[in-house]
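Written below as C-alpha cells is the structure these notes are about.
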Amino acid sequence: MKNVSLEDFRKMITSRERRSLKRGFTENQKKFLKEVIEDPKKVHKTRCRELIIIPQIVGTKVAVHNGKEYVTIDVKPEMIGHRLGEYAHTRKKVEHSAPGFGATKSSKFVPLK
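Anchor point for the sequence shown: position 8 equals -9 in the numbering used here, and the numbering is continuous, going up by one each time.
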C-alpha cells in the first residue's frame, strides 16, 4: 500500500479529499511530507491539520498542533484518507470541582477551612 501512486490513491478516497489532492499540496505540506518521508523514525511537528494522510507516511509519528500543544499521533493504515486534525482534538472535556470561596452570596458566611 505504501507504493501506491497519488493518482491511484485518489480513486480510493472520498470526494472532499479527492478534490483537495487534485488541487495539490501547499508549500508547508510539501515541506512537511518531504521531511517525514526522508526521516520516518523522527517525530515531526506540524500545524498542517488539514493535511490528508497518504500511504507514504503510514508507520511514522507525527506531532500535530491542537491550538495549545503538540499531540503525538502514530499514523496507522486505518487513518489513510483522513486528515491529521481529526486525531488532535482541539477541545477537551470540562471537569468541574467543588465551588470555590465566593462562588455564591451565601458562601461569604461560611468559615474557611
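All residues carry an ideal CB built from backbone N, CA and C; glycine is no exception. What you are looking at is a predicted structure, and each value in this text was computed from that prediction instead of being measured.
Check, Outcome
"Neighbourhood of F(-8) by C-beta, 7 Å cutoff - its chain only, sequence neighbours within 5 removed", "I37, P38"
"Residue span of the beta strand (DSSP E) that contains D(-9), given as start and end", "Premise fails: D(-9) lies in the alpha helix (DSSP H), -11 to -7, not in any beta strand (DSSP E)."
"Whole alpha helix (DSSP H) elements within the stretch -3 to 63, 4-residue minimum", "-2 to 6, 10 to 21"
"Beta-carbon gap between V54 and G68 smaller than 8 Å", "no"
"Among P94, P82, S89, V45, nearest to Y70 - alpha-carbon criterion", "V45"
"Proximal residues to V41 (C-beta, below 8 Å), its chain only, five neighbours per side dropped", "M(-16), K(-15), V58, K59, P60, M62, I63"
"Rounded C-alpha distance that separates K13 from T(-3)", "21 Å"
"Own chain residues within Cβ distance below 7 Å of K24, not counting five before or after", "none"
"Identity of the residue in K51, A86, V19, S(-12) nearest L4 by Cα", "S(-12)"
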